[in-house]
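In my numbering, the protein residues as written are 1336 to 1471. Heads up, the beta-carbon is just placed ideally off N, CA and C, and yes, glycines get one too. In this text the structure is predicted, and so the values were computed from the model without any measurement.
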Amino acid sequence: MAKHTLNTNDFSISLELEIFEEDIMYPSNTAMSVYVASDGFSAVSDMDIDVKQFVLFSTNLKTIYDNLSGSAIIQEPYGYHKYISFSSSKNGHILVKGYLCDILKENEIFFSNSFDQTFLKEFANELYYSYSKYSL
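Laid out in structure tokens, this is it:
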């Protein structure tokens, strides 16, 4: 499992995916560990996702960087519907927001931040090229 990290001045996110290839036909076939630090707050959580939806997310993330338009979201299909989304703004900034919680929903974090698009290039390309083989 590779860790994919995006660091900016006051925001950081790390994603680590464990893909269960024998369950690829099911809507939940990947365990994704998420670490987020935003404006002094941080959280660690896990999301159960579909790797094929993650491919769409990474494709859309690359499009955001390449064209400075669009949005990308990855969300759990079940459970608490934890999510992470990225979108572009007109001034060349990337907006990121999301919702994470622990397994009992005793601790929750809603986060949002923005950063210059130059921070997105390596992260978006790394995700796109690492997971495109699982495309729909």
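With fewer than 16 other CB atoms across the displayed protein chains lying within 10 angstroms of its CB, Ile1359 is exposed.
Tyr1463 is a Cβ neighbour of Thr1394, given a cutoff of 8 Å.
Leu1471 counts as exposed, since fewer than 16 other C-beta atoms from the protein chains shown sit within 10 angstroms of its C-beta.
Around the beta-carbon of Asp1345, fewer than 16 other beta-carbon atoms lie within 10 Å, marking it exposed. Taking a C-beta distance under 8 Å as the contact criterion, Asp1383 and Ser1363 qualify as a contact pair. With contacts defined as CB atoms closer than 8 Å, Leu1391 and Lys1417 fail to qualify as a contacting pair.
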